[in-house]
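To start, the structure itself, in structure tokens.
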Amino acid sequence: MRSHLLKLCTIIVAVLFSGCPPKTEVAGGGGGNGAAGGGDILIGEYGSLTGGQATFGTSTHQAIIMAMDEINAAGGVNGRKIKVLTEDDESKTEEAANAVTKLISQNNVLTILGEVASSCSLAAAPICQSNKVPMITPSSTNPEVTKKGDYIFRTCFTDDYQGENIARYAATQLHYKKAAILTDVKNDYSTGLTTTIDRVFTSLGGKIIAKQSYANLDSDFRSQLTAIRAANPEVIFVPGYYTDVGQIAIQARDLGMKQPLMGGDGWESPKLIEIGGKALEGCMYTNHYFYGDPNPMVHNFVQKYKERFGSIPDGMAALGYDAARVLADAIKRAKKLDGPSLRDAIAATKSFQGVTGTITLGPDRDAVGKKIVIEEVKNGQLTLKATIEPSAGGSATPATAKH
Ligand code: PHE
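Residue numbers for the sequence shown follow our numbering, so the first one is 160 and each next one is one higher.
This is the structure we're talking about:
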């Protein structure tokens, strides 16, 4: 009864607030009839297929469809095909909430994959939680996301881990002592990562000598960069998204600044180097996998993705592929096909072999013990600088193989 009321409320909220409902795109098997029947199993996906972070959603979507097509071609899950219903949230938090409401209330999906951007996942997670619809974000790293409730999972590491590794690498491997941070204050990912980098870098004896901020999709960063230039740091942390990072690098070089920029997975996009070009030489960021990894599973994934979509899969694609496969595996193991049973099955995920490493979900519903890589822009190409295995106690192994 309670869940019916909640559903009714979310429908009303959706009707009141959705200016123009996003288009639903359907992929997978034919004619689904929801989780309860014997037809296709309906899975919802919401993502930024258009708007400011369009490459995030597009890469993720392509990889999810690739994973589900492979699973369906091999007979589906327990004899049933998986059908993915996709909503474009236009990279906007309000639309992310609308998209999820629609998938739950109108399409009656069993479970939901998404989002990439932490701000969008934060906006949509409470709706999944209150409707007892398990949500797996492939790539939102902000720690708050999975704190929204026990139906919310992530198959990637968190920004506590990522921020710690960026700061530790800068302080202990590159021996930087003085740093600046340039934060996107309109982006939960950026503000969260800033806090961790600041704390860890300082705890290792470094000093943050300049802190500047901007708002997502600003295009002029000169006044902030001029202030940073005056402080003369050795490195500038830029924990933002690729859209801004390229411009920041160009404007820094225009102002005569030579310091490397360092950031996190938000830099990851085929558009990063296209936008920033030479200005990004020597800049580094952390990521979930390296496309040139000789591991057969990674190699196979990269080949298949390239053949199908004509581009190298970025980190989001690898994470989307893994999240989709973890979800299908949990559906197979679930005692029943309802929210609570599927929730329990996802929570029990252990040692799942993914493209981004081994996935085990910990008690806080975050993937624990994953490796992290550091990539560097060299001669206009992304190269692997170091791999940090959690088993090595967080110490970085420099890249040995050339790719
Ligand atoms: N981790 C970023 C966030 O939470 C999103 C992201 C993931 C971007 C992976 C690129 C690659 O906002």
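No residue lacks a Cβ here, since even glycine has one placed at the ideal position from N, Cα and C.
Judging by CA-CA distance, which residue of the options is the nearest neighbour of residue i?
i    : options                   : result
C279 : N346, R313 and K306       : N346
Q371 : D357, P293 and S362       : D357
R313 : K544, T508, I533 and E548 : T508
G563 : L244, K495 and A338       : Summary: the structure shown does not reach residue 563, with the chain confined to residues 160 through 562, and so no result is reported for it.
P472 : L486, R492 and H447       : H447
H458 : G516, G203, S382 and T219 : G516
I200 : G234, E229, T217 and K240 : K240
I434 : L414, I368, Q410 and D424 : Q410
Q540 : K251, P429 and L269       : P429
Tell me which residue opens and which closes the beta strand (DSSP E) that residue i is part of.
i    : result
A507 : No beta strand (DSSP E) contains A507, which DSSP labels as neither H nor E.
V243 : I241 to D247
I547 : Q540 to I547
N446 : M443 to N446
L363 : Neither: L363 is in no beta strand (DSSP E) and is coded neither H nor E.
L420 : L420 to G422
M294 : M294 to T296
V485 : Counting along the chain, V485 falls outside any beta strand (DSSP E), though it belongs to the alpha helix (DSSP H) covering G474 to R492.
Pick helix, strand or coil for residue i, following the three-state DSSP scheme.
i    : result
Y373 : strand
K337 : strand
A411 : helix
Q212 : coil
L384 : helix
I205 : It should be noted that the sequence gives Tyr, not Ile, for residue 205. Reduced to three states, the DSSP call for Y205 is strand.
R524 : coil
D343 : strand
T556 : strand
V236 : strand
K530 : coil
K417 : coil
E229 : helix
K537 : strand
So residue i is in the alpha helix (DSSP H); what residue range does that whole segment cover?
i    : result
T260 : T252 to S264
K463 : P455 to F468
L281 : S277 to S289
N433 : In the sequence as presented, Asn is not what sits at residue 433; that position holds Glu. Run containing E433: K430 to G435, per the alpha helix (DSSP H) assignment.
I325 : D318 to R327
Could you tell me how far apart the beta carbons of residue i and residue j are, in whole angstroms, since I believe they sit closer than 8 Å?
i    : j    : result
F316 : T300 : 7 Å
A283 : A255 : 5 Å
L486 : I295 : 6 Å
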